[in-house]
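In the numbering used here, the protein residues as written are 76 to 366.
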């Protein structure tokens with residue numbers, strides 16, 4: 076949480092919570108899991124379909140700018156299990172109360188403790204978009220599966236079976252990406268904001284972004300550099316997530332590049348992860364001129 080008043084807010088909350096009765100996990104008829112983001116909800120459901128799983132950050136809200144309310148924080152104290160990224164600008168605020176949550180009996184799955192995150196190119200912040208790499212999604216569900224087995228050993232066989240099913244699906248998706256992106260005329264893509272750190276590193280291409288986050292205003296220097304790059308590399312497309320549409324249109328008008336849509340999968344969708352990632356692969360193949 077970037078706002079300085081958050082620490083004071085947490086202290087007030089601790090006073091409030093200590094005077095409130097928090098239901099014990101054992102009294103719940105159904106396992107209640109909260110995840111910070113939609114993709115973590117999606118993946119947790121793969122492993123624990125019997126659980127009630129809710130995400131804390133609403134899909135219509137920019138997760139980078141989300142500020143939890145008192146009600147949001149209280150939800151965590153009523154959970155059996157909480158799945159979140161860790162020290163990122165998306166859900167760092169959970170770190171501030173993790174020890175108190177643990178004392179209340181809430182089981183925490185902090186992915187940063189198990190998976191190495193990349194940093195953004197121009198800041199010290201960790202990039203949260205690791206779910207766009209199917210190999211890292213396999214690591215995510217492995218962590219969730221292991222923790223779920225530890226908490227609910229009576230369901231361990233079901234969790235292992237679900238993990239095995241999705242492991243094969245993720246490996247197949249990884250093979251599709253490797254094969255599809257192995258023979259391309261271009262090695263550079265332009266995106267609206269910085270969301271391809273993990274995917275580009277995994278599959279061997281470079282990406283250049285207009286802004287670090289979607290709500291930023293691009294600098295004239297950045298636009299000038301990208302225009303030079305587009306001309307030099309004969310780049311014909313810009314890859315844009317829905318939030319970056321305004322920036323994409325502006326660059327398109329400046330350079331003549333066409334816009335390709337990319338789903339960063341941080342919002343609830345009617346498409347599942349595999350369908351979404353295959354659509355994203357089509358956009359990458361077009362942008363990179365793959366054969």
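All residues carry an ideal CB built from backbone N, CA and C; glycine is no exception.
Just so it is clear, the structure is predicted and the values come from calculations on it, not from any experiment.
Practice item. Go ahead and label residue 122 buried or exposed: buried means 16 or more other beta carbons lie within 10 angstroms of its beta carbon, across all protein chains shown. Key: Residue 122 counts as buried, since at least 16 other C-beta atoms from the protein chains shown sit within 10 angstroms of its C-beta.
Point to revise | residue 118 versus 321, 186 and 258, residue with shortest Cα-Cα distance | key: Residue 186 is the option with its Cα nearest to residue 118.
Practice item. Entirely within the segment 289 to 329 and at least 3 residues each: give me those beta strand (DSSP E) ranges in chain order. Key: 312 to 315, all fully within the segment 289 to 329.
Review point. Ordered along the chain, which non-local residues of its own chain (more than five positions away) have a Cβ less than 6 Å from that of residue 275?
Key: For residue 275, where only same-chain residues beyond five positions count, the Cβ hits under 6 Å are 282.
Review point. Do residue 314 and residue 266 have their CB atoms nearer than 8 Å?
Key: Yes, Cβ-Cβ distance for residue 314 and residue 266 is below 8 Å.
Check your understanding: Helix or strand or just coil, what does DSSP make of residue 113?
Key -> Looking at residue 113 - three-state DSSP - the assignment turns out to be helix.
Check your understanding: Can you name the residues that DSSP bridges to residue 159?
Key -> 185
Review point. Three or more beta-carbon pairs under 8 Å between the segment 141 to 159 and the segment 105 to 115, yes or no?
Key: yes
Review point. Would you say residue 111 and residue 130 are within 8 Å of each other, going by their C-beta atoms?
Key: Inclusion of residue 111 and residue 130 in the CB contact set at 8 Å is warranted, their separation being smaller than that value.
Point to revise | Beta-carbon proximity list for residue 253, same chain, < 7 Å, skipping 5 on both sides | key: 278
Review point. Contact between the segment 332 to 342 and the segment 284 to 291: three or more CB pairs below 8 Å?
Key: no
Review point. Thinking C-beta only, is residue 270 closer than 8 Å to residue 339?
Key: yes
Point to revise | Alpha-carbon to alpha-carbon, residue 184 and residue 18 | key: With the chain running from 76 to 366 in the structure shown, residue 18 is simply not present.
Review point. For residue 31 versus residue 293, is the C-beta distance shorter than 8 Å?
Key: Look at the range of the chain in this structure, 76 to 366, and you will see that residue 31 is not part of it.
Exercise for review: Write down the C-beta distance between residue 356 and residue 255 rounded to the nearest angstrom, noting that I regard them as a contact closer than 8 Å.
Suggested key: 6 Å between Cβ atoms; contact.
Check your understanding: What number of angstroms, rounded off, separates the C-alpha of residue 249 from the C-alpha of residue 273?
Key -> 13 Å
**Study point:** For residue 165 and residue 138, believed in contact at Cβ under 8 Å, the rounded distance
**Key:** 5 Å
Review point. Helix, strand or coil: how does DSSP classify residue 141 here?
Key: coil
Review point. Does the Cβ of residue 240 have 16 or more other Cβ atoms within 10 Å, making it buried, or fewer, making it exposed?
Key: Burial call: exposed.
Exercise for review: Grab the span of the beta strand (DSSP E) containing residue 265 for me, first residue to last.
Suggested key: It spans 263 to 268 - the beta strand (DSSP E) in which residue 265 sits, taken as one unbroken run.
Review point. Under 8 Å between the Cβ atoms of residue 302 and residue 328?
Key: no
Exercise for review: Classify residue 295 as buried or exposed, calling it buried when 16 or more other Cβ atoms lie within 10 Å of its own Cβ.
Suggested key: exposed
Check your understanding: Can you list, in chain order, the stretches of the alpha helix (DSSP H) that have 4 or more residues and sit fully within the segment 175 to 261?
Key -> 209 to 226 and 231 to 255
Review point. Residue 280 and residue 363: beta carbons closer than 8 Å?
Key: yes
**Study point:** Bridge partner(s) assigned by DSSP for residue 127
**Key:** 107
Review point. Given residue 319, which residues of its chain have a CB within under 7 Å of its CB, disregarding the five upstream and five downstream residues?
Key: 267, 268 and 289
Review point. Taking just the CA atoms, how far does residue 347 sit from residue 120?
Key: 12 Å
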